[in-house]
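Engineer:
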Amino acid sequence: MSMISSIRALSVALVMVAMVGCATVGKDFATHNVDQIQIGETTRADIQEMFGEPWRTGIEDGKRTWTYGKYKWSAFGDAETTDLVVRFNQDGTVSSYVYNTTE
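Numbering (my numbering), first residue to last: 1 to 103.
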């Protein structure tokens, strides 16, 4: 095997290792808006305007939930995670929310 072929093979192997060692799930959202959420006053429409479409939706204890999040893992460094889970009352206002980040 020639020197150039060996270098090329090594380069491809390193790129493959780097790709396998990293993963990102979710999507970015405007974290600076979190402090604008007010329990019992902020509506689903307000949340959608502030953060966009939720990454996930669901039901928790009978309440609609929207989740915004970005989760980035790396085999070569620390994980970076940011998430916001918003729970809504029957009238469409925020009943509670949780915001967490590793940044």
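Glycine is no exception: its CB is placed at the ideal position from the N, C-alpha and C atoms.
For clarity, every value in this text was computed on a predicted model and none was experimentally measured.
Over what stretch of residues does the beta strand (DSSP E) that includes I47 continue unbroken?
Structural biologist: Counting along the chain, I47 falls outside any beta strand (DSSP E), though it belongs to the alpha helix (DSSP H) covering R44 to F51.
Engineer: Please go through the same chain and pick out, in chain order, the residues whose beta-carbon is closer than 7 Å to the beta-carbon of W55, but skip the five residues on each side of it.
Structural biologist: Hits under 7 Å: G26, K27, T67, Y68 and G69.
Engineer: Should F76 go down as buried or exposed, given a rule of 16 or more other Cβ atoms within 10 Å for buried?
Structural biologist: exposed
Engineer: Looking only at DSSP bridge pairs, what is F23 linked to?
Structural biologist: Going by the sequence as given, residue 23 is Ala instead of Phe. Beta bridge pairing from DSSP links A23 with W73.
Engineer: From which residue to which residue does the beta strand (DSSP E) around F88 run?
Structural biologist: Membership of F88 in the beta strand (DSSP E) is indicated by the continuous run E80 to F88.
Engineer: Among D35, Y71, D61 and T65, which one has its Cα closest to the Cα of T101?
Structural biologist: Y71
Engineer: Can you name, in chain order, every residue of its own chain whose Cβ lies under 7 Å from the Cβ of A30, other than the five neighbours on each side?
Structural biologist: M50 and F51
Engineer: Of the residues I4, N33, I37 and E103, which one's Cα is nearest the Cα of D78?
Structural biologist: E103
Engineer: Quick check: what's the CA-CA separation for T24 versus T57?
Structural biologist: 19 Å
Engineer: So, for Y97: in the same chain, excluding its five sequence neighbours on each side, which residues have a beta-carbon less than 6 Å away from its beta-carbon?
Structural biologist: I37 and V86
Engineer: Ordered along the chain, which non-local residues of its own chain (more than five positions away) have a Cβ less than 6 Å from that of C110?
Structural biologist: Since the displayed the chain opens at 1 and closes at 103, residue 110 lies outside it and no answer follows.
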